[in-house]
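Heads up, the sequence shown is in the numbering used here, so the first residue is 33 and it goes up one at a time. The C-beta atom is built at its ideal place from N, Cα and C for all residues, glycine as well. Being a predicted model, the structure only gives us computed values, none of them experimental.
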Amino acid sequence: MKIAIQEALETTALTLGGAVLFAGFFQFNGWLFADLVYSEGVNWVFLPAGFRVILVLVLGLPGATGIMLATWFLDRDSLGTSSMWLALVNGVVSGFTPLWVLKILERGKRTQHLLQDMTAQRLLNFTLIFAAASSAAHQLVWLLMKRADVNIWVDVWPMFIGDAIGALLMLYGFKLLLSRIKVKRL
């Protein structure tokens, strides 16, 4: 029983930690790349896309859930309005699209084995497939939920580019950071 409670607490902490980090990167991206906004919700460089990839690769379901919660927090002004359903579905798409892509690419492999076998080419493929799926899913949801000023055939491209560039910048930045950290061997 104690193990189940401990696991639940750890999962909750990972989920909430991921949510806080994602929301923080979202705000940081808005400040850093304010001049590169294509339209509301679409940026030419979107660093949180990379954080979506990292959270889902490392944490799996808790990472995806954290992204969803963070997106709901960021869209909280819309939750009490007529666009409440759009905000709720947007959170689900934000959090679970990268997990869905990961599950498709796993094809029966456990995530641990997938990460051990992850090459630069596989990571690039995952990132580009994720960026395509995320931008298409967001644009489709926005179109179906009648979000104002959505032109799916035009807006999907800047979102794809922004997600791909943001994810690649974050992943290579993360790789550089990890290469600088010295780990003591026992």
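Shown here for Gly123: same chain residues with a beta carbon closer than 6 Å to its own, the five before and five after excluded, namely Met100, Thr103 and Trp104 in chain order. Just measuring C-alpha positions, the residue of Arg154, Pro80 and Leu118 sitting nearest Leu134 is Arg154. In the three-state DSSP reduction, Ser166 falls in the helix class (H, G or I). Residue pairing by DSSP places Ser71 opposite Val74 in a beta bridge. The Cβ neighbour count for Ala55, taken over all protein chains shown within 10 Å, is at least 16; the residue is labelled buried. When C-alpha distances from Ser166 are compared across Asp187, Asp181, Lys178 and Thr151, the shortest belongs to Asp187. DSSP, reduced to helix, strand and coil, places Ile86 within a helical segment of the structure shown.
In the structure shown, Gly92 adopts coil according to DSSP, grouped into three states.
Secondary structure of Ile184 (DSSP, three-state): helix. Annotation: the continuous alpha helix (DSSP H) that includes Phe60 extends over Lys34 to Leu64. With respect to the 7 Å criterion, Gly127 and Gly50 are not classified as neighbours on the basis of their beta carbons. Looking at Phe83, Gly92, Ser211 and Met116, the one whose alpha-carbon comes closest to that of Glu138 is Gly92. Taking the Cβ atoms as the reference, Trp117 lies roughly 6 Å from Met177, within the contact range of under 8 Å. In the structure shown, Ser126 adopts helical secondary structure according to DSSP, grouped into three states. Asp67 has its alpha-carbon roughly 9 Å from the corresponding atom of Asn75. A residue is called buried once 16 or more other Cβ atoms fall within 10 Å of its Cβ, and Thr44, having fewer, is exposed.
Straight across, the Cα-Cα distance linking Trp174 with Val182 is about 7 Å.
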